[in-house]
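In my numbering, the protein residues as written are 20 to 335.
Backbone N, C-alpha and C define an ideal beta-carbon position, used for all residues, glycine too.
Report on one structure; see the data block that follows.
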């Protein structure tokens, strides 16, 4: 029996041109992009469709942009009779994707989600002066070894495990000097590759505490409903539905580890999920899913052709 989770991509999946084909093909997608533009008081859709890339990549733009494309896909699917609650048993999102997942599952309104992500992006950028923080991918190390690397590299600075993305793909985050040390230490502990990532701030580490405080304040002001299906939360790798707990976990997520390997493992194990469907821009989570559990069926739905194929599959 097919049991499906909908997953929602995180930062790094953005690309100039994102959402443009959806906007051209579907009035429902155009309505989403217009509502996000109005909620933010900026023409974010123009930056998404036309660039420039360096402006789209800014955290405060990339975060709501990725959510907007995911929600455009959701709205188009709804217009074709595909309701999330009928086809997904769980939702999960990678970092900012957790907000997309919650918007899709009815916890937040679209406008509120856009504003929350704008605030989150600005607060994360502001938490650490540019150049003072960094992130690095440690490839080929297991989580325990990556944690050892981070501890050894800290030397009084901050170096935390930020993302456990897939077996052999762990990201560390912290002060620039500590993360640079981690890259060198990782090579001595058998990493296939260790490289600094092109990010503008050290996400998911203790340096992000000012951003967590800003999100606690922002989330306290926003109306929240229980999601129509449980959210498998990044910081727990377990399902939650209570709005007060969701709020708490979203705050913790700013400084906490994105436990993506464990989340997908839970979904495909205890959660009984057979199909992982990534909604939005890119195919990053689909690639990770196949590395985490080769048995699971993983696919990405982001273009008009993908949507047609997915609807046909559900109706077959």
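With a threshold of 16 other beta carbon atoms within 10 Å, residue 228 falls short and is exposed. For the pair residue 254 and residue 32, the Cα-to-Cα distance works out to about 21 Å.
Between residue 226 and residue 147, the gap from beta carbon to beta carbon is short of 8 Å. The Cβ-Cβ distance between residue 248 and residue 103 falls below 8 Å. In the pairwise beta carbon analysis, the region 85-98 is classified as touching the region 112-130: at least three pairs are separated by under 8 Å. Excluding residues up to 5 positions away in sequence, 37, 38 and 84 lie with their Cβ nearer than 6 Å to the Cβ of residue 67 in the same chain. By the beta-carbon neighbour count (other beta carbons within 10 angstroms, threshold 16), residue 51 is buried.
In this structure, the straight-line span from the alpha carbon of residue 266 to that of residue 149 is close to 28 Å. With a beta-carbon spacing of about 12 Å, residue 143 and residue 181 fall beyond the 8 Å limit used to define contacts. Within the region 221-299, the complete beta strand (DSSP E) segments of 3 residues or longer fall at 250-252, 257-259 and 294-298, listed in chain order. Membership of residue 176 in any beta strand (DSSP E) is not indicated, and neither H nor E is assigned to it by DSSP.
Cβ neighbours of residue 167 within its own chain (closer than 8 Å, five residues either side excluded): 208.
The shortest CA-to-CA distance from residue 198 to any of 107, 206 and 177 is the one to 177. For residue 80, the enclosing alpha helix (DSSP H) has its first and last residue at 78-98.
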